[in-house]
Amino acid sequence: MPRSDLARVSPPPQLVPSRGHSSSGGQIRLNRLPHGARFPRLVYNGGVTEQASRRAIHAAQPIEWRLSGVVVLDQRLLPEREVRNTYTDYQHVARAIRQMEIRGAPAIGVAAAMGAAIGVLHSPARTLDELRAEFEIICAALAETRPTAVDLFWAISRMRRVFVEACEAAAARGAQAAILEEVRTAMVREAQLVHREKREHDEAMGRHGAALLPRSGRVMTQCNAGALATAGIGTALGVIRMAVYEGHELEVFVPETRPYLQGARLTAWELQQAGIPLKLITDNMVGHCLKTADIGAIVVGADRIAANGDTANKIGTYQMAVLAREHGVAFYVAAPISTLDLTIPSGDSIPIEERPAEEVTHVRGMRIAPDVPVSHAAFDVTPSRLITAIITERGIARAPFQESLAKLCGK
Ligand code: MRU
């Protein structure tokens with residue numbers, strides 16, 4: 004297959020556009036479903052049904068595989084501007100991950116899968132050995148981007164497995180050029196599959212989790228665990244969206260999430276676009292709101308979950324969980340199975356990313372603090388004893404998490 008045709012392989016699933024299709028691209032709108040009504044299957048992959056075109060979930064698309072390359076919505080510029088950059092070089096995809104142009108654990112995984120595929124697709128290698136050598140460099144560059152989100156490493160090892168299998172299968176037949184094209188095709192297909200699966204898993208997670216949220220009232224989240232963070236409908240926000248879809252009357256309390264402001268810039272934007280009521284609060288209001296605002300539940304995402312259920316998520320999540328326990332508020336984590344790291348026994352082994360000091364001392368290029376030493380841990384670990392339940396696409400895990408998570412993973 005000519006290389007220009009490879010991008011055409013099994014076109015990436017497009018969310019069904021609503022009639023009011025907006026510039027965010029690939030968006031589908033969610034209308035409220037009467038209480039007790041059944042959830043209609045969302046339609047992906049262009050199979051528009053009457054039902055799906057009327058009832059759909061409004062979800063911005065942070066990344067897409069296109070004929071022209073990997074198209075990334077630059078989240079650093081949101082909500083003011085919606086700018087999409089097209090990358091044909093894996094090093095640029097790696098840079099986009101590192102600089103948080105695309106962020107959120109599952110979306111980082113999708114980006115890594117597409118980065119590996121675009122790297123192989125555009126590799127100048129002329130022999131399988133050359134391609135193998137370059138693939139190692141591609142994987143290393145992607146792996147060095149962000150240390151905490153295990154979806155990154157999950158996606159790289161999945162792409163590696165497919166690469167090895169494709170190389171072995173192709174080597175058994177054909178001439179050198181045909182072999183390379185077979186491997187390239189396999190990589191592009193797998194990256195698209197990773198993306199499609201993320202969307203399906205978000206939906207399943209949403210359905211499992213929606214029932215845990217109050218029928219009406221207030222919920223709280225942290226950071227952005229929405230469509231922008233997953234390339235689906237979101238993990239925590241997917242659960243909230245699905246609950247609203249099923250008729251729950253919810254208002255979402257959204258902490259700003261300093262210093263990158265994922266809450267203020269991204270979650271507030273997503274919820275507003277979806278028509279879900281919200282209140283933006285400052286990070287230091289979390290305790291006050293849990294004490295006075297009658298918050299019915301908290302639902303957050305995760306970057307890595309250890310075998311015992313300890314969960315790394317955006318900095319600030321741990322103190323939110325402690326406060327939730329103090330005020331008797333249920334604390335839920337929503338994450339795909341790919342975010343589980345059963346190779347580590349507890350959260351003590353989770354590497355915590357330290358981000359540049361400038362992200363704390365400056366806001367949008369403007370200095371707000373003197374030139375002083377800065378500590379900027381991007382994540383913290385919430386001990387599993389503070390977690391009410393972990394919502395995955397395969398079902399809900401409760402304590403003891405060691406057993407329930409292993410069971411969900413078929414161990
Ligand atoms: O640093 P970020 O923006 O990549 O951190 C994102 C988070 O911490 C999210 O809560 C987490 O990745 C879950 S994403 C569904």
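Quick note on numbering: the sequence shown equals residues 4 to 414 in our numbering.
Even for Gly, the Cβ is constructed at its ideal location relative to N, Cα and C.
Owing to the predicted nature of the structure, the values given are computational and were not obtained by experimental measurement.
beta-carbon residue i near ligand 2 non-hydrogen atom, thresh 7 Å
| i | result |
| --- | --- |
| Gln179 | By its list of ligands, the structure shown excludes ligand 2, since it contains just ligand 1. |
Extent of the continuous alpha helix (DSSP H) to which residue i belongs
| i | result |
| --- | --- |
| Arg132 | Looking at the sequence shown, residue 132 is not Arg but Asp. First-last of the alpha helix (DSSP H) with Asp132: 131-146. |
| Asp383 | Element bounds for Asp383: not the alpha helix (DSSP H) but the beta strand (DSSP E), 382-385. |
| Arg328 | 320-329 |
| Ala174 | 153-174 |
| Gly350 | Neither: Gly350 is in no alpha helix (DSSP H) and is coded neither H nor E. |
| Val73 | No alpha helix (DSSP H) contains Val73, which is instead part of the beta strand (DSSP E) from 72-76. |
| Ala409 | 404-411 |
| Gly398 | Not the alpha helix (DSSP H): Gly398 falls in the beta strand (DSSP E), residues 398-400. |
Counted within 10 angstroms of its Cβ, other Cβ atoms place residue i as buried (16 or more) or exposed
| i | result |
| --- | --- |
| Ala400 | buried |
| Gly368 | exposed |
| Gln275 | exposed |
| Glu252 | exposed |
| Pro446 | The shown model of the chain, from 4 to 414, leaves out residue 446, and the question about it has no answer. |
| Val222 | buried |
| Ser387 | buried |
| Pro376 | exposed |
| Pro403 | exposed |
| Val303 | buried |
| Ser65 | A quick correction: the sequence has Pro, not Ser, at residue 65. Label assigned to Pro65: buried. |
| Leu70 | exposed |
| Arg129 | exposed |
| Val431 | A query on residue 431 cannot be resolved here, the shown segment of the chain reaching from 4 to 414 and no further. |
| His291 | exposed |
| Pro258 | buried |
| Gly266 | buried |
| Ala316 | The question names Ala, but residue 316 is Asn in the sequence shown. Burial call: buried. |
| Asn311 | buried |
| Gly39 | Any reading at Gly39 must be qualified, since the residue scores a pLDDT of 46, below 50, and its modelled position is unreliable; the value itself is stated next. Exposed, because fewer than 16 other Cβ atoms sit within 10 Å of the Cβ of Gly39. |
| Asp132 | exposed |
Pick from the options that is closest to residue i, judged by C-alpha positions
| i | options | result |
| --- | --- | --- |
| Ile182 | Trp157, Val377, Pro262, Val167 | Val167 |
| Val86 | Gln179, Arg358, Ile105 | Ile105 |
| Lys294 | Leu215, Gly331, Ser71, Thr233 | Gly331 |
| Thr364 | Ala108, Arg358, Pro373 | Pro373 |
| Gln322 | Thr260, Ser378, Glu361 | Thr260 |
| Glu67 | Ala97, Ala409, Ala110 | Ala110 |
| Asn227 | Glu273, His95, Lys410 | Glu273 |
| Val242 | Leu131, Thr224, Val257 | Thr224 |
| Ala232 | Asp344, Leu216, Gly112, Pro359 | Gly112 |
| Arg307 | Ala115, Leu145, Glu139, Pro150 | Pro150 |
| Tyr263 | Ile353, Thr91, Leu81 | Leu81 |
| Pro280 | Arg176, Ser219, Leu411 | Ser219 |
| Gly235 | Leu216, His198, Gly212, His211 | His198 |
| Ala230 | Thr342, Ala409, Leu269, Phe256 | Leu269 |
| Leu215 | Trp157, Ala324, Tyr335 | Tyr335 |
Endpoints, beta strand (DSSP E) assigned at residue i
| i | result |
| --- | --- |
| Ile66 | 66-69 |
| Thr314 | 314-317 |
| Arg101 | Note, Arg101: premise wrong, no beta strand (DSSP E); alpha helix (DSSP H) at 93-101. |
| Leu281 | 281-284 |
| Arg307 | 307-309 |
| Gly107 | From DSSP, Gly107 is part of no beta strand (DSSP E); its letter is neither H nor E. |
Exercise for review: At 4 residues or longer, and completely inside the stretch 198-272: list those alpha helix (DSSP H) runs for me, N to C.
Suggested key: Runs of the alpha helix (DSSP H) inside the stretch 198-272: 230-233, 239-248.
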